[in-house]
Amino acid sequence: MSPRKLGNRPYTVCIEGNIGSGKTTFLSHFKKCENTIVIEEPVELWRDVSGTNLLELMYKDPSRYACTFQSYVQLTMLQLHTRETSHPYKVMERSIYSVRCFIENMKRMNVLQNVEAYLLEKWYDWALENTKVQADLIVYLRTTPEVVYQRMRTRARKEEDCVSLDYLKLMHQIHDEWLYDRTLFSVPSPVITLDADKNLEGMLEEFRVCADKIFNR
Ligand code: TTP
Ligand code: MG
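Residue 1443 is where the sequence shown starts when you use my numbering, and the numbers rise one by one after that.
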């Protein structure tokens, strides 16, 4: 495997897709790869902000907590993007880029005040202009909302009890507008789109093909 570090920073792959699309599972396959740091999404941090479960509050009372939650998510994502590493490859679950999909969703659902969305987007623009956030490749785990709804119900993360099929349909549409139709926000890197409705075995095969491309095997 030829290390693909670019200057001082690692070649960075972001795994994107709807809630329940299998990002964490897909990511876990990279743990066996040499020269690679694997960075999971910090859901545990969002569940315990100085003893407060902000993820839960966001779902329970979105009008009150969506902006607070999203501002913390952006901070934690920024911290992961800028964390120093000597590994030539870095694979992340989501990115600061896809956090915008949630902000977009909250705007469309009228959960965020205009001024709250404006403020979050200002922070986002500032962070991108003034830090070394970068993606070299996005892997889009594209799914159908009905499939991810079933997966989400099966895994039963307690905060997500109230997440409806309609919510997942809207999130799917926003991810598609961004990464598939490419009409929503700018796309920061090349994208590999995978059919992530497949079962675990099918996704393992998808991973192998994808890893061969990433590592030039
Ligand atoms: P996801 O980031 O989609 O992660 P996941 O672990 O559910 O996905 P996968 O099964 O593919 O591994 O969402 C985690 C939870 O956090 C989910 O309830 C949605 C919520 N969330 C937001 O509300 N806003 C955000 O900006 C992000 C990143 C997540
Ligand atoms: Mg996950």
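Built from N, CA and C at the ideal position, the CB exists for glycine as well. Everything numeric in this text was worked out from a predicted model, so none of it was measured.
Beta-carbon proximity of T1510 to L1487, cut-off 8 angstroms:
The count along the sequence shown starts at 1 and reaches residue 1510 at position 68. The count along the sequence shown starts at 1 and reaches residue 1487 at position 45. With contacts defined as CB atoms closer than 8 angstroms, T1510 and L1487 fail to qualify as a contacting pair.
Considering only the alpha carbon of each residue, which of R1599, E1482, A1653, S1540 lies closest to N1495?
Position 53 of the sequence shown, counted from the first residue, corresponds to residue 1495. Ranking the options by Cα distance to N1495, first place goes to R1599.
Give the straight-line distance between the Cα atoms of S1513 and F1657, rounded to the nearest whole angstrom.
For the purposes of this step, residue 1513 is identified with residue 71 of the sequence shown, where counting begins at 1. For the purposes of this step, residue 1657 is identified with residue 215 of the sequence shown, where counting begins at 1. For S1513 and F1657, the distance between alpha carbons rounds to 34 angstroms.
Other residues of its chain near I1616: CB distance less than 6 angstroms, five sequence neighbours each side excluded:
For the purposes of this step, residue 1616 is identified with residue 174 of the sequence shown, where counting begins at 1. The answer, listed in chain order, is C1543, E1546, N1547.
Rounded C-alpha distance that separates R1550 from T1573:
Locating residue 1550 in the sequence shown gives position 108, where the first residue counts as 1. Locating residue 1573 in the sequence shown gives position 131, where the first residue counts as 1. The C-alpha of R1550 lies about 29 angstroms from the C-alpha of T1573.
Minimum C-alpha distance to D1618 - residue among P1630, G1644, L1583
Within the sequence shown, the letter at position 176 stands for residue 1618. The candidate whose alpha carbon is nearest that of D1618 is L1583.
Please name the residue, chosen from D1608, F1649, R1659, D1654, that lies closest to T1466 on a Cα-to-Cα basis.
Residue mapping note: residue 1466 aligns to position 24 of the sequence shown, counting from 1. Restricting attention to D1608, F1649, R1659, D1654, the CA atom closest to the CA of T1466 is found in F1649.
C-beta atoms of L1642 and V1581 nearer than 8 angstroms
For the purposes of this step, residue 1642 is taken as residue 200 along the sequence shown, with counting starting at 1. For the purposes of this step, residue 1581 is taken as residue 139 along the sequence shown, with counting starting at 1. Remark: C-beta atoms of L1642 and V1581 do not approach each other more closely than 8 angstroms.
Near D1490, which residues of its chain fall below 6 angstroms by C-beta distance, leaving aside the five closest residues on each side in sequence?
As a first step, residue 1490 must be located in the sequence shown, where it is residue number 48. Non-local C-beta neighbours of D1490 in its own chain, meaning closer than 6 angstroms and more than five positions away in sequence, are absent.
Going by the DSSP bridge assignment, what does M1534 pair with across the sheet?
Taking the first residue of the sequence shown as position 1, residue 1534 is located at position 92. Per DSSP, C1456, I1481.
When burial is assigned at 16 or more other CB atoms within 10 Å of the CB, is P1604 buried or exposed?
The residue you call residue 1604 lines up with position 162 of the sequence shown. The identity of residue 1604 in the sequence shown is Cys, whereas the question assumes Pro. C1604 counts as exposed, since fewer than 16 other C-beta atoms from the protein chains shown sit within 10 angstroms of its C-beta.
Please state the DSSP three-state secondary structure of L1636.
In the sequence shown, counting from the first residue as 1, residue 1636 sits at position 194. Three-state result, L1636: strand.
Using 8 angstroms as the threshold, is the C-beta distance between A1577 and S1631 below it?
In the sequence shown, counting from the first residue as 1, residue 1577 sits at position 135. In the sequence shown, counting from the first residue as 1, residue 1631 sits at position 189. Cβ distance < 8 angstroms, so A1577 and S1631 count as in contact.
Can you find the residues in the same chain that come closer than 6 angstroms, C-beta to C-beta, to T1585, ignoring five residues on each side of it along the sequence?
Taking the first residue of the sequence shown as 1, we reach residue 1585 at position 143. Cβ within range, chain order: N1460, S1463, A1638, D1639.
Does the separation of the CB atoms of I1481 and F1468 fall below 8 angstroms?
As a first step, residue 1481 must be located in the sequence shown, where it is residue number 39. As a first step, residue 1468 must be located in the sequence shown, where it is residue number 26. The Cβ atoms of I1481 and F1468 lie no closer than 8 angstroms to each other.
Quick one, what's near the ligand MG if you take every residue whose CB is closer than 5 angstroms to any heavy atom, in chain order?
Residues with a Cβ closer than 5 angstroms to any heavy atom of the ligand MG, in chain order: K1465, T1466.
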